[in-house]
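Undergrad: Using full-length UniProt numbering, you'd call the opening residue of the sequence shown number 1 and step up by one each time. For each residue, glycine too, the CB sits at the ideal point set by N, CA and C.
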Amino acid sequence: MFGWLKRLFGIGAAEANAALNKLEDPVKMTEQGIRDLKNDLAKSLQGLAEVKAMAIRAKKELEASHRAALEYENKAVLLLQKANKGEIAQTEADRLAEQALSKKEQILSRVKGSEKNVAHYDQMVGKMEGNVQKLKQQISSWEGELKTLKARSTVSKATAKLNKQLASVDSSDTLARLERMKEKVAEEEALAESYADIAGQATSIDDEINNALGADASTSQSNLPNSEALKQLKARVASENQSDNTSSESNSTEHSNTPPPSSSLELEKLKQKLKDSNNN
1 MFGWLKRLFG IGAAEANAAL NKLEDPVKMT EQGIRDLKND LAKSLQGLAE
51 VKAMAIRAKK ELEASHRAAL EYENKAVLLL QKANKGEIAQ TEADRLAEQA
101 LSKKEQILSR VKGSEKNVAH YDQMVGKMEG NVQKLKQQIS SWEGELKTLK
151 ARSTVSKATA KLNKQLASVD SSDTLARLER MKEKVAEEEA LAESYADIAG
201 QATSIDDEIN NALGADASTS QSNLPNSEAL KQLKARVASE NQSDNTSSES
251 NSTEHSNTPP PSSSLELEKL KQKLKDSNNN
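(1) Can the beta-carbon of residue 285 be found closer than 9 Å to that of V111?
(2) With respect to the alpha helix (DSSP H) encompassing E145, which residues constitute its N-terminal and C-terminal limits?
(3) Relative to the C-alpha of A42, which candidate in N131, L270 and E187 has its C-alpha closest?
(4) Rounded to whole angstroms, what is the Cα-Cα separation between Q138 and D122?
(5) How would you write the range of the alpha helix (DSSP H) that G47 sits in, first residue to last?
(6) Closest to M128 by C-alpha separation, out of L267, K52 and L270, would be which residue?
(7) Is the number of C-beta pairs between the stretch 56-73 and the stretch 99-118 that are closer than 8 Å three or more?
(8) Mind reading off the beta-carbon distance from L108 to A83? Whole number of angstroms is fine, and I expect it under 8 Å.
(9) Quick check on this structure: which residue in K85, D40, I88 and W142 has the alpha carbon closest to the alpha carbon of K28?
(10) Would you tell me roughly how many angstroms separate the C-alpha atoms of K103 and T91, rounded to the nearest one?
(11) Taking only three categories from DSSP, how would you classify L270?
(12) Please classify S114 as buried or exposed, where buried requires at least 16 other C-beta atoms within 10 Å of its C-beta.
Listed below in structure tokens is the structure:
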């Protein structure tokens, strides 16, 4: 009956652990681990110092006990020597010497326990020093790993950011922009070429006349003196005026009854004026 509940709680715990794993930062977790190790190291050093103090105190007590036992033994010897010299009664010397040796035995019995304590303390100090050394090495190793992990984390974050930016770029939109840019550049180039063609075609009527006459005509005309060219022009105008007068006289005789239009009169006046200027 409760099996499905256990499975449900198991699934919930697994999902919770997965969510926690996603939230964990490896750099921060490593830093926290190093802090924990340093706390353990501090506690281990404190415990090592306390055990060493106990070992030192036990050794000093052991040395004092050995000295006290030796002193009682020496006192018993002195008592017996004085009894042999007659300085003290033999029975009294024996009683006191026996008491001194009893004290010695009591001290030596305690010394055995002190020696065991000293050996135990020395063993504890050795183990704790080994643990402290391991903690120091582990902390040093983890600090090196932390540096590497930070560098890798920095690189991975930068790479992820770059990949995210690249992934967010729409390739189709970029290609469309490039195509529009190409079209715009092509239009500008075509417009520049059309302006160049228009500028090349914008020649004057004089250039067209000179091109039609050819280089020889323009050269021969330019080589004539100014006065000679003027005489030729006047002669041509005079001949044209004479032909115009002849045609006008014939027309006037035929149409004597019809008055000439005002434009014709103006033209005749202009021609006569040109003729008079040429005769002068």
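TA: Walking through what the data contain:
(1) There is simply no residue 285 to check, as the chain begins at 1 and stops at 280 in what is shown.
(2) E145 -> alpha helix (DSSP H) spans Q90 to S168.
(3) Nearest C-alpha to A42: N131.
(4) Computed Cα separation, rounded: 24 Å.
(5) The continuous alpha helix (DSSP H) containing G47 extends over residues P26 to K85.
(6) The residue with the shortest Cα to Cα distance from M128 is K52.
(7) The answer is yes - the stretch 99-118 touches the stretch 56-73, with three or more Cβ pairs under 8 Å.
(8) Their Cβ separation, rounded to whole angstroms, is 24 Å, which puts L108 and A83 out of contact at 8 Å.
(9) The residue with the shortest Cα to Cα distance from K28 is W142.
(10) So the alpha carbons of these two residues sit roughly 19 Å apart.
(11) Of the three classes helix, strand and coil, the one that applies to L270 here is helix, per DSSP.
(12) So S114 counts as buried.
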